[in-house]
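Novice:
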Amino acid sequence: MATETRYVDFDLHIWREGDRYLAEVKDSPAGGSERVVLRWPFGTEPHEVLLLKLENAILKGRGYRSGPISGEERILREFGADVFKAVFRDSDSVARKFVASLEMLEKQPDAGLRLNLRVDPPELAMLPWEYVFDESSRADEYLCLKNRSPLVRFLGGSSAAGRIQVDGPLRILGMIANPGGDWDWLDTEAERRRIDEALRDEDIPKSSVHFRWVQGGTSDDLFDLMQRGPWHIFHFIGHGGTDRYLDSDGEFRSEGFVVMEDGLGGAVKVSASQLGVILEDGDVRLAVLNCCESARGNGFSSAGAALVKSGVPMVIAMQFAITDVAASRFAAMFYKSLIGGQPIERALTVARRYMRLRSNVEWAIPVLFTRAGSCVLFNSGPGSAVPVVADAAPRSAAQPPAEPMARRTLAQEEFRRLWERRP
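7 is the number of the first residue of the sequence shown in our numbering; add one for each residue after it.
So, in C-alpha cells, the structure goes:
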C-alpha cells in the first residue's frame with residue numbers, strides 16, 4: 007500500500023475588477039500574499055473560442071497513446087504553460103509564496119501542496135485549469151499529474167462541510183441511466199465491470215465495503231434507495247450537461263443536470279439542485295458524476311459545482327466528453343486507491359496517471375469540486391461490516407435501445423404490474 011500523503015492548502019483566489027484580473031494567496035505554508043494584477047495571456051481571444059479550441063484538441067487527440075507529443079496535446083500543454091506562467095511564475099508575490107511553499111514541503115517527503123483554486127470570473131472558471139503545465143527546469147510536468155501538487159476547484163462561498171471521514175464500512179451506491187432516444191446509447195458494461203473488480207481486489211478487506219447498484223434508472227428508483235442509507239459515495243453513469251433558462255427577473259441563468267429515465271421509455275433531465283435534494287437523504291460525502299460535461303459551466307452552473315452548493319461536500323465531474331475506456335479506467339483506479347486509504351486528491355491523481363497510459367489528453371477531464379479540507383474519506387481496517395456486495399447492474403444498462411413502440415409497451419406492462427399489486 008502506498009504511503010498516505012498529507013496535504014497542506016495553498017488557497018488562491020482570482021477575481022476581476024474592471025478589465026483586470028487580480029489574484030491573492032489567502033493562505034499557504036508560506037503565508038498569504040499581496041494582491042497582484044495578473045498578466046493574463048489570452049486577452050485578444052474570446053474565452054469561448056479558446057475553450058472550443060481546447061475541446062477540439064481533446065476530441066482529436068484522445069486516441070493518441072505514445073511516442074512524440076501530438077499536435078493536439080501540444081495545444082493543451084501550451085495553454086497550461088501560459089496559465090502557469092501568468093499565475094504561478096510572473097505574478098510577483100503570488101509566485102514567491104508558491105515557490106516558498108513547495109520548498110518548505112520538500113523537507114517533508116509525505117507532504118503535498120493542495121492547490122485550492124477559487125476562480126470567480128465565469129469566463130476563467132470554465133477553462134480547463136487541470137492542464138496547468140510547469141515548464142520550468144525544476145519540474146517540466148503537469149501539476150495535476152504530480153502526487154505532491156493536486157489542483158481542486160475550491161468553492162469557498164459554500165457553507166463549511168461537516169465531518170467527512172467514514173467510520174466503519176464504506177457504503178457506495180451506483181446508478182446507470184441509459185434512456186436512449188435522443189441521447190446516445192452508452193456502453194456502460196466495461197465501467198460497471200471495472201468498478202466491481204476494483205472493489206473485489208484481494209488487498210481490500212472483505213468487510214470494509216458495501217456496494218450496490220440502483221435497480222432502475224429513474225429518480226424515483228434513486229430516491230427509494232437513498233432512504234436506505236447512509237450512502238457515503240454516489241456514483242452516476244450516464245449523460246449530463248447544462249441548460250440556460252430565463253429567470254423571473256428576465257435574466258439568463260444556467261444550471262447543470264443529469265439525464266435519467268422517465269419510467270415510460272423516455273428521458274428526463276434532473277437538475278443538480280433536484281439531485282442534491284435526493285442525495286441529502288443519504289448523507290452522501292462524495293458524488294462521482296461519470297457523465298460528459300457535468301463539470302462544464304460558469305461559476306456554480308455546472309452540475310458538479312451546483313451539487314456542492316446544494317450541500318454535497320465533494321463532487322468529481324467531467325468537463326468534456328470522455329470515452330468509455332477512459333471513464334472505466336478512471337473509476338477502477340480511483341476507487342482502488344480511495345479504498346486503500348489515500349486522500350481523495352491522491353486517489354484522483356493516481357487515477358489520472360493510470361488514464362494517461364491509454365490517452366495523453368483525457369486524464370484532465372475529471373474535476374474535483376469541494377468545500378471540504380483534504381482528508382482520508384475511508385481507512386480500511388478490521389471491522390464488523392457486511393462483505394463487499396455488488397448487485398447486478400440494472401437490466402436497462404445491458405439492453406440495446408428499444409424502438410419507441412416497444413418502450414411504450416414495456417412501460418404499459420410495468421404500469422399494469424404495479425397496478426395489480428396496489429393495496
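Ideal Cβ placement from N, Cα and C applies to all residues, glycine included.
Buried or exposed: I345, going by 16 or more other Cβ atoms within 10 Å of its Cβ?
Specialist: buried
Novice: Once the 5 residues before and after D227 are set aside, which same chain residues still bring their CB inside 6 Å of it?
Specialist: V220
Novice: Alpha carbon to alpha carbon, how far is E203 from V318? Give it in angstroms, no decimals.
Specialist: 27 Å
Novice: Using three-state DSSP, classify M324 as helix, strand or coil.
Specialist: Three-state DSSP puts M324 in a strand.
Novice: Distance check for A312 and D190, CA to CA, integer angstroms please.
Specialist: 24 Å
Novice: According to the Cβ coordinates, are V93 and A29 closer than 9 Å?
Specialist: In contact: V93 and A29 (Cβ atoms closer than 9 Å).
Novice: Assign T50 to buried or exposed, taking buried as 16 or more other Cβ atoms, counted over all protein chains shown, within 10 Å of its Cβ.
Specialist: exposed
Novice: Once DSSP output is grouped into helix, strand and coil, what is the label at S225?
Specialist: DSSP places S225 in helix when its eight states are reduced to three.
Novice: If you count every other CB in all the chains shown that lies within 10 Å of the CB of D116, and 16 or more means buried, which is it?
Specialist: By the Cβ-count criterion, D116 is exposed, with fewer than 16 other Cβ atoms from all chains shown falling within 10 Å of its own Cβ.
Novice: Could you tell me the alpha carbon to alpha carbon distance between S214 and D173, rounded to whole angstroms?
Specialist: Rounded to the nearest angstrom, the two C-alpha atoms are 10 Å apart.
Novice: Considering only residues of the same chain and omitting the five flanking positions on each side of S225, which have a CB-CB separation below 7 Å?
Specialist: M266, V276 and I284
Novice: Verify whether the separation of the beta carbon atoms of G2 and V42 is less than 9 Å.
Specialist: With the chain running from 7 to 429 in the structure shown, residue 2 is simply not present.
Novice: Run through DSSP, which three-state label would F263 get?
Specialist: strand
Novice: How many whole angstroms separate the CB atoms of L151 and R362, which I take to be in contact at a CB cut-off of 8 Å?
Specialist: 7 Å
Novice: In terms of residue numbering, what span does the alpha helix (DSSP H) encompassing N62 cover?
Specialist: H53 to G67
Novice: Quick one: grab the DSSP three-state call for E30.
Specialist: E30 falls in the strand class under three-state DSSP.
Novice: With H, G and I counted as helix, E and B as strand and the rest as coil, what does DSSP make of M181?
Specialist: strand
Novice: If you drop the 5 nearest sequence neighbours on each side, which residues of the same chain put their C-beta closer than 8 Å to that of D193?
Specialist: Beyond the five residues adjoining it in sequence on each side, D193 comes within less than 8 Å, by CB distance, of D330 in the same chain, given in chain order.
Novice: For P236, collect the residues of the same chain with a Cβ closer than 7 Å to its Cβ; drop the 5 residues on either side in sequence, then sort them by chain order.
Specialist: R177, G288 and D289
Novice: Under the assumption that H241 contacts N184 (Cβ atoms under 8 Å), give the Cβ distance between them as a whole number of angstroms.
Specialist: Wrong, their Cβ atoms sit about 14 Å apart, outside the cutoff.
Novice: Hey, would you say P128 sits closer than 9 Å to I20, going by beta carbons?
Specialist: no
Novice: Would you mind stating whether R198 and G180 have Cβ atoms separated by less than 9 Å?
Specialist: The answer is yes: Cβ separation under 9 Å.
Novice: Whole angstroms are fine: how far does the CA of W46 sit from the CA of S97?
Specialist: 10 Å
Novice: Which residues mark the beginning and the end of the alpha helix (DSSP H) in which Y3 is found?
Specialist: Only positions 7 to 429 of the chain appear in the structure, and residue 3 is not among them; the question remains open.
Novice: So for D20, helix, strand or coil by DSSP?
Specialist: In the sequence on display, residue 20 carries Ile and not Asp. If DSSP states are grouped into helix, strand and coil, I20 belongs with the strands.
Novice: When DSSP labels each residue in this structure, what does A408 get in the three-state scheme?
Specialist: Residue confidence is low: A408 scores 40 on pLDDT, short of 50, so the model does not pin down where it sits. No coordinate-derived value is stated.
Novice: Nearest CA to the CA of V321: which residue from Y341, V367, V373 and A273?
Specialist: V373
Novice: Which whole-angstrom value is the C-beta distance of S107 and F217, which I expect to be below 8 Å?
Specialist: Contact doesn't hold; Cβ gap of about 38 Å is too wide.
Novice: Going by other Cβ atoms of all chains shown within 10 Å of its Cβ, with 16 needed for buried, is E10 buried or exposed?
Specialist: exposed
Novice: For M477 and R358, I'd like the C-alpha separation in whole angstroms.
Specialist: Nothing about residue 477 can be read from this structure; the chain reaches only from 7 to 429.
Novice: Taking just the CA atoms, how far does L44 sit from G310?
Specialist: 27 Å
Novice: State the start and end residues of the unbroken beta strand (DSSP E) segment that holds V294.
Specialist: Boundaries of the beta strand (DSSP E) around V294: L292 to C297.
Novice: Could you check where the alpha helix (DSSP H) with S316 kicks off and where it finishes?
Specialist: A309 to S316
Novice: For S277, which residues does DSSP report across the bridge?
Specialist: F263
Novice: What are the boundary residues of the beta strand (DSSP E) that includes A117?
Specialist: A117 to V125
Novice: Would the beta-carbon of A333 fall within 9 Å of that of M324?
Specialist: Yes. Within cutoff.
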